[in-house]
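A.B. asks:
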Amino acid sequence: MTEFTKEGALYELLARGNKDVYFRADAFTSVSPFRNNYKRVPAYVHERRQIPPINNVDFGKVVEFDFEVAGDVFTHPTLLIDLPTWLPSEYASLNNNNLITDNSGNSYGYTRGIGYFLFSKIQVYQDQILLQEFSGDALYATKLSRGSINSSFLENVLVGIHDGSNISIQRNATPKQLRLELPLLGCQNIEDGGFPSYGVRTQIFRLRLTLRKLEDLVECSNSTITKPNLYPWDRSDFRITDKNGSITNFSTLGRYQLSVPNIYLETRHIYVDPDTQKGLVESSYELLFSRLYENTFYFNEKDYTPVVSSVLKRIDAVHPASRLLFFMRQRTDININKLWKITSDLANKEYYNNISLLIASRDRETSFPPFIWNILTQHSKEDRYSGEGLGIMNWDLGEQRGGVANYKHSPEGSVNFSTADKPNIVVDLQNISGTDRNTEMLLIVDTWAIYQIEKGRGRLKYSN
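Counting from 330, one number per residue, gives the positions in the sequence shown under the numbering used here.
1) Are the segment 514-533 and the segment 462-476 in contact at 8 Å, needing three or more beta carbon pairs?
2) In chain order, what residues of the same chain have a beta carbon less than 7 Å from the beta carbon of Asn-683, not counting five sequence neighbours either side?
3) Could you please give the first and the last residue of the uninterrupted beta strand (DSSP E) stretch that includes Lys-790?
4) Is it the case that the Cβ atoms of Asp-725 and Ile-478 are separated by a distance below 7 Å?
5) Give me, in chain order, the residues of the same chain whose beta-carbon lies closer than 8 Å to that of Phe-656; leave out the 5 immediate sequence neighbours on both sides.
6) Restricting to Cα atoms, I'd like to know which of Gly-515, Asn-485, Gly-583, Arg-475 is closest to Gly-727.
7) For Tyr-680, name the three-state secondary structure that DSSP assigns.
8) Considering only their Cβ atoms, is the gap separating Ala-650 from Val-744 smaller than 7 Å?
9) Going straight from the alpha carbon of Pro-590 to that of Cys-549, what length do you get?
10) On the three-pair Cβ rule with 8 Å, is the segment 772-787 touching the segment 663-680?
11) Restricting to Cα atoms, I'd like to know which of Leu-511, Phe-534, Asn-435, Thr-404 is closest to Gln-457.
12) Which class does Gln-452 belong to by DSSP, given the choice of helix, strand or coil?
13) Determine the DSSP secondary structure at Gln-606, reduced to helix, strand or coil.
14) Mind reading off the beta-carbon distance from Leu-428 to Thr-570? Whole number of angstroms is fine, and I expect it under 8 Å.
15) Buried or exposed: His-827, going by 16 or more other Cβ atoms within 10 Å of its Cβ?
16) DSSP beta-bridge partners for Glu-341?
17) Please report the Cβ distance between Leu-641 and Val-755, rounded to the nearest whole angstrom; I am assuming they are in contact, meaning their Cβ atoms lie under 8 Å.
18) Alpha helix (DSSP H) containing Glu-630: first to last residue?
19) Kindly indicate which residue of Leu-668, Met-722, Tyr-373, His-375 has the alpha-carbon position closest to the one of Arg-541.
20) State yes or no: is the C-beta of Gln-455 within less than 7 Å of the C-beta of Gln-532?
21) Mind checking Phe-700: buried by the 16 CB within 10 Å criterion, or exposed?
22) Which residue's Cα is closest to the Cα of Trp-702: Thr-430, Arg-652, Thr-661?
23) Which runs of the alpha helix (DSSP H) at least 4 residues long sit entirely within the segment 545-611? Give them in chain order.
24) Once you ignore the five residues that flank Met-330 on each side, which residues in its own chain have a CB closer than 8 Å to its CB?
25) Spatial neighbours of Asn-753 within its chain, please: C-beta separation below 6 Å, excluding the five flanking residues on both sides.
26) In terms of residue numbering, what span does the alpha helix (DSSP H) encompassing Ile-663 cover?
27) Taking 7 Å as the cut-off, decide whether the C-beta atoms of Thr-625 and Asp-765 are in contact.
28) Assuming Leu-559 and Tyr-439 make a contact with CB atoms under 8 Å, what is their CB distance in whole Å?
29) In whole angstroms, what separates the C-alpha of Asn-793 from that of Ser-747?
30) Short of 8 Å in beta carbon distance, which residues of its chain neighbour Ala-689, apart from the five on each side in sequence? Order them along the chain.
31) Could you tell me how far apart the beta carbons of Asn-435 and Asn-551 are, in whole angstroms, since I believe they sit closer than 8 Å?
32) Using C-beta distances below 8 Å, list every residue in its chain close to Ser-613, excluding the 5 sequence neighbours before and after it, in chain order.
33) Look up Asn-753 in the DSSP assignment and say whether it is helix, strand or coil.
34) What did DSSP end up calling Gln-461 once you bin it into helix, strand or coil?
35) Excluding five sequence neighbours on each side, which residues of the same chain lie with their C-beta closer than 8 Å to the C-beta of Arg-568?
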């Protein structure tokens, strides 16, 4: 036992001696990895700001925001929305715990998904150049089909999406503060890291929102009530029923007694160290981002007249596209402000029999029924299923089920609409019901574009 102890001590002494030789300084500039004095770097500081609009906000108007010159990188641009109500204050506070209807038993509230449909147009400008443009309707479609299914329930609550029941419609008359996160340049995916605003300090960035009219944003539980009779203000036939069954009649506020929406732009700013700031200014780099192109097509009674109705529409878009989304709405549903309703009243709830994509007069996507575009594509390539009515042609791998959220996005498969020869979509219409069969189709091309920052200036790279 004694011999083993002596040998162990000898081996330990030899090992320590070799270590000391290995880490011995051979010059005055040599640095030991065990020293405790390092170059100090300030920690990144995060700040959240709420930016007020630069002009008055009202329904049917345009409101603008200037992105504040603060921080070095900004992330999570989010609209904070507080909507007015037509209920008097003493009854508005009771709306979530009582039953409020008119004398006919009809419930009124902001349309389902009001956080999206409040905006008919959302635009981002750099100086006088339009960087991004999309509608709340397009944002509704793209959000429904992307993201984690676990977080989708919270996202729906934050934008006013509900189950469509009468009581949910009523409670949407006094929604909580809505939060709509915008997929702006550099802030779309988890790996983007934010928009490097410090590198383009000489340029002005502005957000412009176009709001819909209030008359186009209120829905009723009774679908037979249409505009111009679809309004809950200036009414004396409302009543509130409490949990004991006691009924109290009251009058709603007048149209011009309603306050205006209260909208703020919330951004999160990151302050970085001086070396990183220098890199943001002196380096040349490119940001890959998703840019949406919207196409709206209209179908009238003449399109439904033939026994086999097949309609061809030209698609307008540039850049390589990773996917193409589309949905249809009937004019009768739009007239009653059910902007969220993208299914028909037929048994199969569809507006078309088959859809195909033609490029250079040849099939790029073969004609397939709604089962392929609306169901199979989403179940095979996405973690989140949007529900009925939304069709998707997807050419990348998608957010595959079983992956880890938040999902990363990068160009994989694509169709280059910059060089595509006569891209057309062919729609075989289904013989829908109703006296007014006018329908509209919103087709969204989700493309990849590049924003380049060089010498303190940012610009869009065109086409490829």
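Glycine included, C-beta positions come from ideal geometry on N, C-alpha and C.
C.D. replies: On the basis of the data shown:
1) In short, these stretches do not touch, since the Cβ pair count stays below three.
2) Closer than 7 Å at the Cβ level, and outside the excluded window around Asn-683, lie Ser-696, Phe-697, Pro-698, Asp-757.
3) 786-790
4) no
5) If we look at Phe-656 and ignore the five residues flanking it on each side, its Cβ neighbours are Ala-470, Ile-671, Gly-718, Leu-719, Gly-720, Met-770, Leu-771.
6) Arg-475
7) coil
8) Going by C-beta atoms, Val-744 is nearer than 7 Å to Ala-650.
9) 21 Å
10) no
11) Phe-534
12) strand
13) helix
14) So it is a contact: roughly 4 Å between Cβ atoms.
15) Residue 827 lies beyond the stretch modelled for the chain, which goes from 330 to 793, so this question has no answer here.
16) Answer is none; Glu-341 lacks a bridge partner.
17) 5 Å
18) Boundaries of the alpha helix (DSSP H) harbouring Glu-630: 630-633, taken from the DSSP string.
19) Leu-668
20) yes
21) exposed
22) Checked all of Thr-430, Arg-652, Thr-661; the closest Cα to Trp-702 is Arg-652.
23) Correct list: 603-611.
24) Because the pLDDT at Met-330 is just 46, under 50, the model does not fix this residue reliably, and the value given afterwards should be weighed accordingly. So the list is empty, once near-sequence residues are dropped.
25) Leu-641, Arg-643, Leu-687
26) 660-664
27) no
28) Actually they do not touch by this definition, with Cβ atoms about 12 Å apart.
29) Model confidence at Asn-793 stands at a pLDDT of 48, short of 50, so the residue's coordinates are unreliable; what they give is reported in the following sentence. Asn-793 and Ser-747: Cα-Cα distance of roughly 7 Å.
30) Ala-749, Asp-750, Lys-751
31) 5 Å
32) Gln-781, Ile-782, Glu-783, Lys-784
33) strand
34) strand
35) Ile-429, Thr-430, Asp-431, Asn-432, Ile-576, Thr-577, Asn-578, Phe-579
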